[in-house]
Amino acid sequence: MSPSSPVPTLSPQARLSDFFQGLGLLGRAFSLILRSRRLFALSALCAAVTAVALVGLAWLLWNHAPRLMGSLWTLPDSWYGRGAWYTLLVLTSLVLWVVGANIVPPLLLAPLQDPISEVTESLCGGDEGPPFSLAGFMRGIITGVAHTLARLFFLVAGLTLLMPLHLIPGVGSVLWTVLGGLWTMTWMAGEFLAAPMTRHLYPFAEVRRMLRERRALCLGLGAGVYVLLWLPVLNTFFLPVAIVAGTLLYRGMRQAGVLPPPPSGQAGGGALK
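All residue numbers for the sequence shown refer to the numbering used here, where the first residue is 6 and numbers rise by one.
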């Protein structure tokens, strides 16, 4: 890679400091988007759709979360009971908003995710994959659907397994929020690392292996995206920034030799996430 390449130089061995390198991928992604007209145009379109989706999610939670909460736990009469009720409502709503933000905008913008990843890889240079083919296109659809279902299953399953923490008096809801946030960060890393890996038709087992073996690196990326969601205005760009960052992480892993080449004869364009 040339010195000006946006691809990060990763250590072949996992380190705790990898967390900060994963976090720094968002800065690399922002810089690359600002330097490329094509990426900026695609990102601006994503931002417009994401803004509408995020406002819509906030409106739904504001209007319906208290009613849903009341159906599960009637608002207590005591002041301390009310305090616990509202604390649980706020903490749960925050996690649900982040989860919704990682499901609704990606579904609405699914047709743009592969083009963003492809443009990012073209700016990195090399490894473009074979030309478009109908067979590769169909394989990409099947792989993409399988990856998406697997990722959604792991997100929902993890948060569901943590739900009993709410039963612990006092600290249970706080624990659920913290652990649920960490699980969501890890899921985010898998979601956006899987975008380029799905295009190159890696099995989902490879995505899970990277999350397991380079835990700090991936958690840094997920934490960065998680924090970005809470920054007004900038959060409308979270999806393109996350896709670009995930693609840079994928290329960095390939460059470091921690990820094998794509399945023989199956890498390349036309695969949908």
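We treat Cβ as the ideally placed atom computed from N, Cα and C, and that holds for glycine.
Quantities reported herein were computed from a predicted structural model and do not represent experimental measurements.
- A residue is called buried once 16 or more other Cβ atoms fall within 10 Å of its Cβ, and Thr-97 is buried on that count.
- Taking the C-beta atoms as reference points, Ile-38 is found no nearer than 9 Å to Val-232.
- The alpha-carbon separation between Gly-251 and Leu-224 amounts to approximately 12 Å.
- For the options Leu-164, Arg-256, Pro-266 and Leu-244, the alpha carbon positioned closest to that of Leu-44 is the one of Leu-244.
- By the beta-carbon neighbour count (other beta carbons within 10 angstroms, threshold 16), Ile-173 is exposed.
- Annotation for Val-179: the continuous alpha helix (DSSP H) segment containing it runs 177-204.
- By the C-beta criterion, the segment 102-109 is judged to be in contact with the segment 58-68, since at least 3 inter-stretch pairs fall below 8 Å.
- Note that the segment 21-41 does not touch the segment 72-83; fewer than 3 beta-carbon pairs, one per stretch, sit closer than 8 Å.
- In this chain, the alpha helix (DSSP H) harbouring Tyr-85 covers 84-106.
- The Cβ atoms of Ile-248 and Phe-197 lie closer than 9 Å to each other.
- Counting C-beta pairs closer than 8 Å gives fewer than three between the segment 213-221 and the segment 85-94, which falls short of the contact rule.
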